[in-house]
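Okay, so here's the structure we're looking at.
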Amino acid sequence: WITCVSLLLELIIRQSNKATDPVNLILYLSNVSILAEHSLLTLIVAPAATLENRALYTAMQLNSANSLPENEYDNKLARCLSNGIVKCLGGLSIGLLTTVIMAKCMSLGQPLFSSLSVYFKCVFESVSDARASLKMFAISLLTKLFLREIGRRYFLSIVMFNLGRTWPMWLGTGVGLGIAYSDCDYDYRKGTVIRGKLIKKKPDGGTETNRVIVVDADGPVSHREDQLHSIHFLEEACKTDVISFTSGLSGILANPGEDPYIRQAAGLQLKNVLVSKDAQLKQQCIKRWLSIPENVRTDIKTNVLNTIGTETTRPSIAAQCIAAIAFAELPRNSWPECVFRLTNNVTNANSSEILKASSLEALGYMCQDIHPSVLADSSNVILTAIVHGMRQEETSNYVRLVATEALYNSLEFTRSNFENEWERNVIMEVVCNCTQSSSVQVKVLALQCLVKIVSLYYDYMEVYMKEALFSISVEAMRSSDDEVVLQGIEFWSNVCDEELDLAVEATEAAEKGALPAHQSRHYAKGALTYVLPILLETLARQLDSNLDFQEENDDEEEWVPSKAAGVCIMLLAQCVGDDVVRLTLPFIASNFQHKDWRRRDAALMAFGSILDGPDHDNLLLLVREGFSVIVNAFKDEQTAVRDTAAWAIGRVCEFCCDIVSQKEFLDSLLPLLCDGLSQEPRVAANICWSISNLATSIHQDMLNFTSLTQAAETSVLSGAFENLVGELFKVTDRRDAHQSNLRIAAYEALMELIKMSPVDCYKTVQSIVVGVTTRLDHLLGMGAANVSNVGEVGHYDDLQALLCATLQTALRRLELSDLIEMSDGIMVLLLRLIGANINRSSVVTEEALMACTVLIEAIGKEFLKYFGAFKPYVIQALTKTSDTQVCIAAVGVVDDLSRNLEKEIVPHMPDFMACLVAILRVMAVADFVLLRLCRIKNPESDKNLKCVVISVFGDMALAAETEFVPFLPTVVQALMEALAIEVDVTDFDQVDYVNSLRQNCIESFTSILQSLRSSDEAVRMLHPYATEVINYIAKFSQCPEISHEMMTACAGTLGDLAQVYRSGVADALKKPGILELLRKGRSMRDEKAASIFNWTYSALSQLMPID
18 WITCVSLLLE LIIRQSNKAT DPVNLILYLS NVSILAEHSL LTLIVAPAAT LENRALYTAM
78 QLNSANSLPE NEYDNKLARC LSNGIVKCLG GLSIGLLTTV IMAKCMSLGQ PLFSSLSVYF
138 KCVFESVSDA RASLKMFAIS LLTKLFLREI GRRYFLSIVM FNLGRTWPMW LGTGVGLGIA
198 YSDCDYDYRK GTVIRGKLIK KKPDGGTETN RVIVVDADGP VSHREDQLHS IHFLEEACKT
258 DVISFTSGLS GILANPGEDP YIRQAAGLQL KNVLVSKDAQ LKQQCIKRWL SIPENVRTDI
318 KTNVLNTIGT ETTRPSIAAQ CIAAIAFAEL PRNSWPECVF RLTNNVTNAN SSEILKASSL
378 EALGYMCQDI HPSVLADSSN VILTAIVHGM RQEETSNYVR LVATEALYNS LEFTRSNFEN
438 EWERNVIMEV VCNCTQSSSV QVKVLALQCL VKIVSLYYDY MEVYMKEALF SISVEAMRSS
498 DDEVVLQGIE FWSNVCDEEL DLAVEATEAA EKGALPAHQS RHYAKGALTY VLPILLETLA
558 RQLDSNLDFQ EENDDEEEWV PSKAAGVCIM LLAQCVGDDV VRLTLPFIAS NFQHKDWRRR
618 DAALMAFGSI LDGPDHDNLL LLVREGFSVI VNAFKDEQTA VRDTAAWAIG RVCEFCCDIV
678 SQKEFLDSLL PLLCDGLSQE PRVAANICWS ISNLATSIHQ DMLNFTSLTQ AAETSVLSGA
738 FENLVGELFK VTDRRDAHQS NLRIAAYEAL MELIKMSPVD CYKTVQSIVV GVTTRLDHLL
798 GMGAANVSNV GEVGHYDDLQ ALLCATLQTA LRRLELSDLI EMSDGIMVLL LRLIGANINR
858 SSVVTEEALM ACTVLIEAIG KEFLKYFGAF KPYVIQALTK TSDTQVCIAA VGVVDDLSRN
918 LEKEIVPHMP DFMACLVAIL RVMAVADFVL LRLCRIKNPE SDKNLKCVVI SVFGDMALAA
978 ETEFVPFLPT VVQALMEALA IEVDVTDFDQ VDYVNSLRQN CIESFTSILQ SLRSSDEAVR
1038 MLHPYATEVI NYIAKFSQCP EISHEMMTAC AGTLGDLAQV YRSGVADALK KPGILELLRK
1098 GRSMRDEKAA SIFNWTYSAL SQLMPID
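Now the structure itself:
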């Protein structure tokens, strides 16, 4: 309204000055009209709600109440009323416009054409929306007519009465009002805002009503408050009355009379109640579902099954709900009719396309989410339905698509079917037929099935490889569609992966003097002459958009056929060896100097790809001949070619160090590397990687002449060391160093140079320490508050963290005397760094704490002078369980303090122990998962934190010895609780985690036992737990998923327990699992592990006879 008034005032001023341009006048009036229209809409709708139709809302009533609370507004009618008023005015305008156009057709003047000019000016200068432009046209035309024509000609009266032609007015008005009615009706039916609350039962026995709002979480930022309100409302509805909530949602989902988007939103909410992607919440969802009464669950299951085939949207949300329910029901042998109903829907000849597709989607989701062992009994009927949907006779490509996807998800539990030749033939036939489909999506999915099949069932592929798979994969690699090409290449990459694994298995079996369980068929070697030329040509396939290669526009992470071909050639080189070199050399030689930059780039990629695998002598010959060509490629005008050349140099430095370390090559290579650091960020990043590889390879070569702990006196890089360090520091200061991870690559190269530095470069390493501390001091002086924007704050924090990491590496290379001399200044700097970042940047705090551990390890008890200032930061970091990386670093600090300060740590141990026990409480374990009391972003870090805390108890016990007794009950109880965790063998991540956790528990218990052997009281306190530990070890030894490291730790603990308690644990040691563990361990190839098992065997044989 303020804008409208200001426009009118300006118009009045112009009128009074008699300088009004008619066109501008019309524009002002038009803008006033449009603003008034929007203001009217806002004034009517705003009291009801601030939300608009851009977010999806669905109103649902449970228990048949129809009204909202009195203090809540239902703004649907208000909104439609406001829209109706505006659209009716628009309808009248259309009527007037029609009349005017008819009048102008009767040659009543020139205003129409001048109004058209106004219209186009409005379009290009002020209005972009087509409907608004039409309104502007009508308004400007009418305004001009009223202002300039009506006063002189009595225009409307002439047209409507004198000429007797009033029908255009009524016709146009009718059309306009019809459009307005249609729009209003659409608005009313469309999802609009209805606010709702949980309404409690009235004392007089009235009906309890729940109104549920389903909100699109991706709505505009202006609606964030309402989104949060709606999401909170949904959560409360689920918590307070999950039975009514889920039942009502399923009822809406099953109702064909509801609008499709409402059904879809209800199904989505129902699915979210039933299942979660977060593994730690999934079990809670199952428990919540099973808590619903059986009769209600049956109704919900009936509703979702009945929904299949009635939806008009794809993919089916009902299929996702069915899979979510099946995830909870099928492992408990419930709901067997689900699989039967779905498979019957697919195979029934009378089923519609949407019914078949939705049923196959549900089967596919079930195969993807549910463990194969659960579906094993139903595998035949499921597979029959899937194969039925994939047949050539199926006319719907969509049905074939979802059937193929379902097969892809079900391949893990079809092993018994693949073992049966007839069933295997049927499966392979339908998959191969689908690879010839006219639908690219079906073809790609079928190829993905073949890729997975060749990995899972390699042993059965010989017949199919000859008859179909080879030709299908080659045809796919030659396709013009990139998605198809990628799958054809992936097929041969997987073949190579399988055959490389089989080669390792054969080597291990030969060392044991046995035959391998599986034999390689050497498919890669047999297909090499056909596949490799296609891959080499694919390397040269670059998008035309890359012709003018621009670093900022090139997506380095995009997976394209040329990158996939490069990876496949690497795998072929490892798998086949020298034959790859022989077949690749002609391509490299003919394209190194090609006029097309794509082929030059492909030649360099091919050169770098074949360096790992062939005979070393053959590679040396190749590198000698091609090295000068690669060097020349650094002068290429195309950035892509120079980038690939830098990568190829890095591969040469990694695999052919004995060539590049020779003086004749090094003299030409080092200047090249230094110059390359000033090129584009992506090229410079690969140069940094090459420097890292060069330093590592030369160091590894020098280890042949020195011991692992003794630094070499000199190196072939010594002369260039200082210059390389200086150039790398320059790279870290580049303005564009944040692009292509250049700064990170430069610091990594710098750290690698420092790590591998010889004695004659010691002065340079000292100067690096000074330079890094100076830079850190400068950054601390700047302060994060002075950084201008969020992006720069991220770079600021990354730079501090990288400098800390570089400082750690350099400090490890300093001599003890120099480190002690410099430690005061370094520790003051690190304390400032931790203090400035502990509450704002976890990455900087973590690196600073790790730098402190270097000082702790190096100077030992000399660190006590810093302990008073350092301890509060460690305690604060230990409390940051929500920031697990910082917390893990702090636990590591406590571990290092315990090992290096020894008895001096004992006075501070209560404070540290309190923090560690608090961490364990937060990370408490129940029902196979960690029930987090705080929100932790990274579940993997969550698990690691538990493991490192358990591990540190052993080192603290070794440091405190008998003074650890006060903490013994708490610590041992925590170990027993951790050992009691059961593992879900179907979850491989959980298997690894539980193995690691158990190993740390066993090792910590062993350390505690060793530290307290001199205390009779402590030994007596541990005796009950000793028997419990033996029982756990006997149980673990019979688990097929037990790792070799875990077996070795258990063996060491058994030996210690046998020596300490002797006859007190003899009966417990007689368990079958213990003897089985010893038999397995004594045959291990690892010498250290075998010696531990032999020692344990000897200790136990003194207590009891062992077969």
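According to our numbering, the sequence shown is numbered sequentially starting from 18. Glycine included, every Cβ here is placed at the ideal spot set by N, Cα and C.
Legend entry - Distance between beta carbons of LEU690 and VAL707, contact taken as under 8 angstroms: Your numbering for residue 707 matches position 690 in the sequence shown. Your numbering for residue 690 matches position 673 in the sequence shown. Note that residue 707 corresponds to Ser in the displayed sequence, not to Val. Confirmed, about 6 angstroms.
Inset, instruction - For my contact list, LEU836 and GLN817 are in at a C-beta cut-off of 8 angstroms; report their separation, rounded to the angstrom. - result: Counting from one through the sequence shown, the residue named residue 836 turns up at place 819. Counting from one through the sequence shown, the residue named residue 817 turns up at place 800. Contact doesn't hold; Cβ gap of about 22 angstroms is too wide.
Legend entry - Classification of PHE357 by the beta-carbon crowding that lies within 10 angstroms, buried from 16 upward: Stepping through the sequence shown from its first residue, residue 357 is reached at position 340. Label assigned to PHE357: exposed.
Inset, instruction - Grab the span of the alpha helix (DSSP H) containing TYR415 for me, first residue to last. - result: Taking the first residue of the sequence shown as position 1, residue 415 is located at position 398. TYR415 -> alpha helix (DSSP H) spans 414-427.
Legend entry - Neighbourhood of ASN450 by C-beta, 6 angstroms cutoff - its chain only, sequence neighbours within 5 removed: The residue labelled residue 450 in the question sits at position 433 within the sequence shown. Closer than 6 angstroms at Cβ, skipping near neighbours: GLN409.
Legend entry - From ASN1111, GLU411, GLU554 and VAL700, residue whose alpha carbon lies closest to that of LYS1097: The residue given as residue 1097 occupies position 1080 in the sequence shown. Residue ASN1111 is the option with its Cα nearest to LYS1097.
Inset, instruction - Would you tell me roughly how many angstroms separate the C-alpha atoms of ALA485 and ARG349, rounded to the nearest one? - result: Along the sequence shown, one-based indexing puts residue 485 at 468. Along the sequence shown, one-based indexing puts residue 349 at 332. Looking at the two C-alpha atoms, the distance is approximately 41 angstroms.
Legend entry - Residue range of the alpha helix (DSSP H) that includes ALA520: Counted from its first residue, the sequence shown places residue 520 at position 503. Segment 499-528, the alpha helix (DSSP H) holding ALA520.
Legend entry - Test item: CB-CB of LEU850 and LEU793 under 8 angstroms: Looking up residue 850 in the sequence shown gives position 833. Looking up residue 793 in the sequence shown gives position 776. In contact: LEU850 and LEU793 (Cβ atoms closer than 8 angstroms).
Legend entry - Option in SER496, ALA974, THR431 and MET1121 with minimal Cα separation from GLY1081: By 1-based counting over the sequence shown, the position of residue 1081 is 1064. Among SER496, ALA974, THR431 and MET1121, the Cα nearest to that of GLY1081 belongs to MET1121.
Inset, instruction - Note down the Cα distance separating THR412 from ILE403, rounded to an integer number of angstroms. - result: Position 395 of the sequence shown, counted from the start, is the residue given in the question as residue 412. Position 386 of the sequence shown, counted from the start, is the residue given in the question as residue 403. Taking the straight line from one Cα to the other gives about 15 angstroms.
Legend entry - Cutoff 6 angstroms; reference THR826; Cβ partners in own chain excluding five residues on either side: Start at 1 with the first residue of the sequence shown, and residue 826 comes out as number 809. MET768, ILE771 and LYS772, listed in sequence order.
Legend entry - Exposure label - MET844; buried when at least 16 CB within 10 Å: In the sequence shown, the residue the question calls residue 844 occupies position 827. Buried, because 16 or more other Cβ atoms sit within 10 Å of the Cβ of MET844.
Legend entry - Alpha carbon of CYS932 to alpha carbon of VAL457, nearest angstrom: On the sequence shown, residue 932 is found 915 positions in, with the first residue counted as 1. On the sequence shown, residue 457 is found 440 positions in, with the first residue counted as 1. Straight-line Cα distance between these residues: approximately 58 angstroms.
Inset, instruction - Determine, using beta carbons only, whether SER537 and LEU588 come nearer to each other than 8 angstroms. - result: For the purposes of this step, residue 537 is taken as residue 520 along the sequence shown, with counting starting at 1. For the purposes of this step, residue 588 is taken as residue 571 along the sequence shown, with counting starting at 1. Their beta carbons are not under 8 angstroms apart, which means SER537 does not touch LEU588 by this criterion.
Legend entry - Within 8 angstroms, strictly: CB atoms of SER1028 and LEU975: As a working mapping, residue 1028 is identified with position 1011 in the sequence shown. As a working mapping, residue 975 is identified with position 958 in the sequence shown. Yes, the Cβ-Cβ distance between SER1028 and LEU975 is below 8 angstroms.
Legend entry - Straight-line Cα distance separating ALA665 from ALA623: The residue labelled residue 623 in the question sits at position 606 within the sequence shown. The residue labelled residue 665 in the question sits at position 648 within the sequence shown. When rounded, the distance between both Cα atoms is 9 angstroms.
Legend entry - Cα-Cα separation between ALA701 and TYR764, rounded to whole angstroms: For the purposes of this step, residue 701 is taken as the residue at position 684 of the sequence shown. For the purposes of this step, residue 764 is taken as the residue at position 747 of the sequence shown. Going by the C-alpha atoms only, they are around 12 angstroms apart.
Legend entry - Alpha-carbon to alpha-carbon, GLY265 and VAL259: The count along the sequence shown starts at 1 and reaches residue 259 at position 242. The count along the sequence shown starts at 1 and reaches residue 265 at position 248. About 10 angstroms.
Legend entry - For PRO698, the three-state DSSP class (helix, strand or coil): As a working note, residue 698 is residue 681 in the sequence shown. Here PRO698 sits in helix by DSSP.
Inset, instruction - Report buried or exposed for VAL49, applying the criterion of at least 16 other Cβ atoms within 10 angstroms of its Cβ. - result: For the purposes of this step, residue 49 is taken as the residue at position 32 of the sequence shown. Unreliable positioning characterises VAL49 in this predicted model, as indicated by a pLDDT of 46, which lies under 50. The coordinate reading is nonetheless provided below. When all chains shown are included, VAL49 counts as buried.
Legend entry - Alpha-carbon spacing of GLU354 relative to SER427, whole angstroms: Within the sequence shown, the letter at position 337 stands for residue 354. Within the sequence shown, the letter at position 410 stands for residue 427. Approximately 19 angstroms between the Cα atoms of the pair.
Legend entry - First and last residue of the uninterrupted alpha helix (DSSP H) at VAL292: By one-based count along the sequence shown, residue 292 stands at place 275. Where VAL292 is concerned, there is no enclosing alpha helix (DSSP H), given that its DSSP letter is neither H nor E.
Legend entry - As assigned by DSSP and simplified to three states, the class of MET973: Within the sequence shown, residue 973 is the residue found at index 956, counting from 1. DSSP places MET973 in helix when its eight states are reduced to three.
Inset, instruction - Indicate whether VAL468 and PHE508 have their beta-carbon atoms separated by less than 8 angstroms. - result: Numbered from 1 along the sequence shown, position 451 holds the residue referred to as residue 468. Numbered from 1 along the sequence shown, position 491 holds the residue referred to as residue 508. Taking 8 angstroms as the Cβ cut-off, VAL468 and PHE508 qualify as a contacting pair.
Inset, instruction - Given a cut-off of 8 angstroms, decide if GLY852 and TYR890 are closer than it, judged by their beta-carbon atoms. - result: Residue numbering aside, residue 890 sits at position 873 when the sequence shown is read from its first letter. Residue numbering aside, residue 852 sits at position 835 when the sequence shown is read from its first letter. Taking 8 angstroms as the cut-off, the Cβ atoms of TYR890 and GLY852 count as close.
Legend entry - LEU745 to SER858 span [Cα, whole Å]: The residue labelled residue 745 in the question sits at position 728 within the sequence shown. The residue labelled residue 858 in the question sits at position 841 within the sequence shown. Near 25 angstroms, if we compare the C-alpha coordinates of SER858 and LEU745.
Legend entry - DSSP-derived helix/strand/coil call for TYR475: Reading the sequence shown from its first residue, position 458 is the one you call residue 475. TYR475 falls in the helix class under three-state DSSP.
Inset, instruction - Express the C-alpha separation of THR862 and ASP815 in angstroms, rounding to a whole number. - result: Taking the sequence shown and counting its residues from 1, one reaches residue 815 at position 798. Taking the sequence shown and counting its residues from 1, one reaches residue 862 at position 845. The straight-line gap from Cα to Cα measures roughly 11 angstroms.
Inset, instruction - For the alpha helix (DSSP H) holding ALA606, just list the boundary residues, first then last. - result: Working through the sequence shown from its first residue, we reach residue 606 at position 589. In the DSSP assignment, ALA606 falls within the unbroken alpha helix (DSSP H) covering 595-608.
Inset, instruction - Please work out which residues of its chain come closer than 7 angstroms, Cβ to Cβ, to MET482, disregarding the five sequence neighbours upstream and downstream, and give them in chain order. - result: What you label residue 482 is simply residue 465 of the sequence shown in a count that begins at 1. Taken in chain order, the residues that qualify are TYR540.
Inset, instruction - Using a threshold of 8 angstroms, state whether the C-beta atoms of ALA336 and GLU370 are closer than that. - result: On the sequence shown, residue 336 is found 319 positions in, with the first residue counted as 1. On the sequence shown, residue 370 is found 353 positions in, with the first residue counted as 1. Cβ distance not < 8 angstroms, so ALA336 and GLU370 don't count as in contact.
Inset, instruction - Could you check what DSSP says for SER454 in three-state terms: helix, strand or coil? - result: Taking the sequence shown and counting its residues from 1, the one referred to as residue 454 is at position 437. Note: SER454 maps to coil in three-state DSSP.
Legend entry - Neighbourhood of VAL871 by C-beta, 7 angstroms cutoff - its chain only, sequence neighbours within 5 removed: On the sequence shown, position 854 is the one that residue 871 refers to. The beta carbon of VAL871 is closer than 7 angstroms to those of GLN825, LEU828 and ARG829 in its chain, skipping five residues each way along the sequence.
Legend entry - Status (buried if at least 16 other CB within 10 Å, exposed otherwise) for LEU1117: Stepping through the sequence shown from its first residue, residue 1117 is reached at position 1100. Looking at its Cβ environment, which holds 16 or more other Cβ atoms inside 10 Å, LEU1117 is buried.
Inset, instruction - Could you tell me whether the segment 371-391 touches the segment 337-345, using the rule of 3 or more Cβ pairs below 8 angstroms? - result: yes
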